[in-house]
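S.K.:
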Amino acid sequence: MKRGALLAVLPLVFGTATLLTQSTASTGHTKPYGTAASIEHTKPYGMAGSGSGSGSVGTAQVESKGAPSKSDGDLWPSCWADNDKLYAANGDGKGFSTDGDFADIAVSEINGTPGNLSGATISKGDQVGSVWSGAGYNRKPTGMVCVGDTLYLAVQDLALDFNDVPAATILKSTDHGKTWTWDKAKPMFSDHVFTTIWFADFGKGGALAPDGYVYAYGLDGNWRDSFDDTVADPQSVFLARVPKNKVQDRGAWKFYTGTGWSSKIADRKPVLTDTRRLYAQTYGTNASNLSVISQGGVTYLAKQKRYVYTSWTEYTFEFYESPTPWGPWKHFMSKDFGGYPWSTSKYGGYGVTIPSKFVQPDGNTMYIQANVCPCGGGGIGTSVYNFNLRKLVLTPSVETPASNLPGSDNLAVPTTGAVAISKSTNSGSLALMNDSAKMGTESDFDDEVKGATWWGYEWPAPHKVNTVEFTSGAVSAEGGYFTGRPRVQVKQNGAWVEVGSQTVSPAYPGDASAGANATYTITFPVQETDGVRVIGLSGGTRSYTTVSELVVRYVSQLADGGFEGTGGGKPAWLFEGTAANGVDRGLGFAHSGANNGWIRCTCTGFSDLYQTVPVTPGTTYTFGSWINASANLPTDQGRFGVRAGTTDLASTTFGSGTGYVHHEVTVKVPADVHELTVYAGFNGPNLDTWLQVDDFTVS
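Read in order, the letters of the sequence shown correspond to residues -25 to -1, 1 to 674 in mature numbering (1 follows the signal peptide of the UniProt record, and there is no 0).
#1: Three-state secondary structure (DSSP) at K489?
#2: Would you mind working out which of N607, F598 and T610 sits nearest K643, comparing C-alpha positions?
#3: Just tell me which of R199, D195 and T610 has its CA closest to the CA of residue 675.
#4: T498 and A534 - do their beta-carbons sit closer together than 8 Å?
#5: Just to check my reading of the structure: V443 and L512 have Cβ atoms closer than 8 Å, yes? What is that Cβ distance to the nearest angstrom?
#6: Sorted by chain position, which residues of the same chain lie with C-beta nearer than 6 Å to A81's C-beta, five sequence neighbours on each side aside?
#7: Kindly give me the distance between the Cβ atoms of Y290 and W304, rounded to whole angstroms, as I take these residues to be in contact under 8 Å.
#8: Quick one: grab the DSSP three-state call for N661.
#9: Any contact between the region 147 to 162 and the region 202 to 217? By contact I mean 3 or more CB pairs, one from each, below 8 Å.
#10: Using a threshold of 8 Å, state whether the C-beta atoms of D486 and S372 are closer than that.
#11: Would DSSP call K45 helix, strand or coil?
#12: In the DSSP assignment, what residue or residues form a beta bridge with F71?
#13: Just the Cα atoms here: how many angstroms apart are T494 and Q477?
#14: Please determine, among G41, S582, N363 and Y254, the residue with the shortest C-alpha to C-alpha distance to P664.
#15: Can you check whether the CB of V359 is closer than 8 Å to the CB of N339?
#16: Bridge partners of A143, per DSSP?
#17: How is the beta strand (DSSP E) around M414 delimited, first residue to last?
#18: Under 6 Å Cβ to Cβ from G431, same chain only, skipping five residues before and after it: list those, please.
#19: In three-state terms, what does DSSP make of R243?
#20: Counting along the chain, where does the beta strand (DSSP E) carrying F230 start and finish?
#21: Going by C-alpha distance, which of D203, H649 and G272 is nearest Y192?
#22: Going by Cα to Cα distance, which pick from K280, G233 and G552 is closest to F177?
#23: Quick check: the Cα distance between A35 and M408, rounded to an integer number of angstroms?
#24: I'd like the list of long-range same chain contacts for S418, defined as Cβ closer than 6 Å, with 5 residues on each side in sequence excluded.
#25: Would you mind listing the beta strand (DSSP E) stretches within the region 339 to 398 that are 3+ residues and don't spill past its ends, in chain order?
#26: Measuring alpha carbon to alpha carbon, tell me which of G48, L126 and R528 ends up nearest V501.
#27: Once you ignore the five residues that flank H438 on each side, which residues in its own chain have a CB closer than 6 Å to its CB?
#28: Cα separation between N363 and D101?
#29: Using the DSSP secondary-structure output, state which residues sit across from C121 in a beta bridge.
#30: Is W173 near G118, with beta carbons less than 8 Å apart?
#31: In terms of alpha-carbon separation, which member of N220, Q532, R462 and Y596 lies closest to G542?
#32: Which same chain residues end up closer than 6 Å to F230 when comparing Cβ atoms and leaving out the 5 residues on each side of it in sequence?
#33: From T428, L253 and V122, pick the residue whose C-alpha is nearest to that of K179; which is it?
#34: Have a look at P316 and G353 and give me their C-alpha separation to the nearest angstrom.
#35: Out of G580, F550 and W429, point me to the one whose CA is closest to W471's CA.
#36: Could you please give the first and the last residue of the uninterrupted beta strand (DSSP E) stretch that includes Y254?
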């Protein structure tokens, strides 16, 4: 039977914790979801290949489908030899000689470029490895490395139900894959320990390797989630290295221990542990509660000085990056293709690798190889059971301060470098999110009984943002809306964090009455960030949301002028001075709405609430506020005004009152000034004195 996505469904799990923020260090682009996660990283200790000067991934884009080739089989671990040929091994198929016989394992020589590939099968079956574990197992290729023109191939014993891997060994070819040699007496690895092996890909013949070693990554137990739990699901990646001329000498292998290397496999420590579980529960009979560490590949990108590990689950591709072979590894993207069935325009796959031969000269564009078995739930009536490539673009992050000025521009248009992101996408495309049209619809229905759902953008470089305009798509009883109020999160240091003092206009009802193709504007304090998203709980009987447009702006505006905003981040209104201060929530003291700000003390000196507002030089602005002052405030000791830095541009004074009074100042912004600070406060008379402030405005 062909190796693929045959399903042994786990019991549906209720009561799973819902994450609305990323966990631990994963973040980035990354977009974790599902159950609670833990990602642990080990730090390098001055060993070769430290990757100094490297830049992390800023944005990532991967196509939703691949380009097939005239070949047959899956997995296809590969290497680029010194003779400029690509060599790849497939499981369960004919390889590139499709008129030949079927084999459980085959090796092919491949020529050409993505979209124009040709090749021939050069060895297969018993020519390529032994089966060590008896009936119920067959051979599967898991990794290949070229040392010059010498090929090494890792082959494992995989159970026929795909749920455990007890043994593996390394084969060698000195004639470009035509013949192979290996120790036929015993496997190099056994007892389910380090039995799914792949190698770091250092380019043509391994020329980019930092030293004289071959680096090998390994998993214990199984090649992916063990659906029936025959063995523990792999959740950690281990690393070994061996001199290039001793790859088949098991005694020459040394394993990474966290601080160095040991010849004892028992001393090893993971270089990456990721305990996330995706698709904790599905609506149908598809597999659920999936671990995320699987057989994939690690490719070194010389221009970015980064290592990229490609993993996968039943429904997603998972991407990690590191400056060294041993870490620290950071999760930077989940590409979620949704639950089965897939379509000819959108499908994921397994055995995900990035062949170094197809990394383009820009260093950012490359191609992923992944497969879908028609025997599994992802079978779609078209063949992706072949050497199948799709484009991946990784744009490095730019570590410079945001320089965009306030204005009406949509920062989500492609010319800004914006890349649309979402939990998943039903059609496979997010192009409509920034196409300036508000009548289309895209959903994230994916068969998961999910909590967190989001739509957003990432940029390679930071931008200043303070407004998001979210327009919904189609709405029905099954979904298309958020349950409760959607919120804005931004990326800070690779992690998604909630923004404070958010306001939504019009008020979001939190149910299907939110309506189709309706626009909701969320404003918040200025954030300097390389990512922004609207996130919330998905609604409906099938738990999904929809979008037709998502606009991001940086405009001249006050945030939370009425103190009605919500969110757990930094507040819009800051304080300076010695007085107590805060927000009265629902106490009946507001000028309008439910809330108001306040300052109170028995003190001397000036205390105020203030907010910095983005502005345009040469423009005239009018700032206003409603203020109620206590009886103990002396005449002219209260002040409402606007300053540029520490320079007061305009202010008005006041004393005690018997209710809210409107105060207003008008200023023309000086040249080269892009921020003004509006404030309201008082000089304390050393008596119990207070201010209540509300409804700040700027026009």
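Even for Gly, the Cβ is constructed at its ideal location relative to N, Cα and C.
M.R.: Answer, in terms of the structure:
#1: The sequence given here places Ala at residue 489; Lys does not occur at that position. Assigned with DSSP and collapsed to three states, A489 falls in helix.
#2: The shortest Cα separation from K643 among N607, F598 and T610 belongs to F598.
#3: Residue 675 cannot be examined here, being either before or after the span of the chain that is shown, -25 to 674.
#4: Cβ atoms of A534 and T498: closer than 8 Å.
#5: Actually they are not in contact, since the Cβ atoms of V443 and L512 sit about 18 Å apart, beyond 8 Å.
#6: Here A81 has N65, G70, T96 and K99 as same chain residues with Cβ atoms under 6 Å from its own Cβ, once five neighbours each way along the sequence are excluded.
#7: 22 Å between Cβ atoms; not a contact.
#8: Strand at N661.
#9: Contact fails: fewer than three Cβ-Cβ distances are below 8 Å.
#10: With contacts defined by Cβ atoms closer than 8 Å, D486 and S372 do not form a contacting pair.
#11: Coil at K45, not helix or strand.
#12: F71 pairs with nothing; no bridge assigned.
#13: Spanning the two alpha carbons is a distance of roughly 16 Å.
#14: Before going further, note that residue 664 is Thr rather than Pro in the sequence given. Sorting G41, S582, N363 and Y254 by C-alpha distance to the C-alpha of T664 places S582 at the top.
#15: Their beta carbons are not under 8 Å apart, which means N339 does not touch V359 by this criterion.
#16: DSSP, once it has assigned bridges, lists Q131 and F164 as partnering A143.
#17: Element bounds for M414: n/a, residue is neither H nor E.
#18: Closer than 6 Å at the Cβ level, and outside the excluded window around G431, lie I396, V507 and R508.
#19: R243 falls in the coil class under three-state DSSP.
#20: In the DSSP assignment, F230 falls within the unbroken beta strand (DSSP E) covering K229 to Y231.
#21: Scanning D203, H649 and G272 for the CA closest to the CA of Y192 turns up G272.
#22: Sorting K280, G233 and G552 by C-alpha distance to the C-alpha of F177 places K280 at the top.
#23: C-alpha of A35 to C-alpha of M408: approximately 17 Å in a straight line.
#24: Counting only residues of its own chain and dropping the five nearest sequence neighbours on each side, S418 has a CB closer than 6 Å to the CB of N401, Y519 and T521.
#25: Scanning the region 339 to 398 from its first residue to its last, the whole beta strand (DSSP E) runs of 3-plus residues come out as 340 to 346, 364 to 371 and 394 to 397.
#26: The closest CA to that of V501, considering only G48, L126 and R528, is found on R528.
#27: Excluding sequence neighbours, H438 sits near A377, N379 and L386.
#28: Distance between the alpha carbons of N363 and D101: 25 Å.
#29: Answer by DSSP bridge pairing, in chain order: L126.
#30: With respect to G118, W173 sits close: the two C-beta atoms are nearer than 8 Å.
#31: The shortest C-alpha separation from G542 is found at R462.
#32: Result list for F230: A215, S237, I240 and R243, in chain order.
#33: With respect to the C-alpha of K179, the residue from T428, L253 and V122 having the closest C-alpha is V122.
#34: Cα to Cα, the separation comes out at about 5 Å.
#35: When only C-alpha atoms are compared, the closest one is W429.
#36: Counting along the chain, Y254 sits inside no beta strand (DSSP E), nor does DSSP assign it H or E at all.
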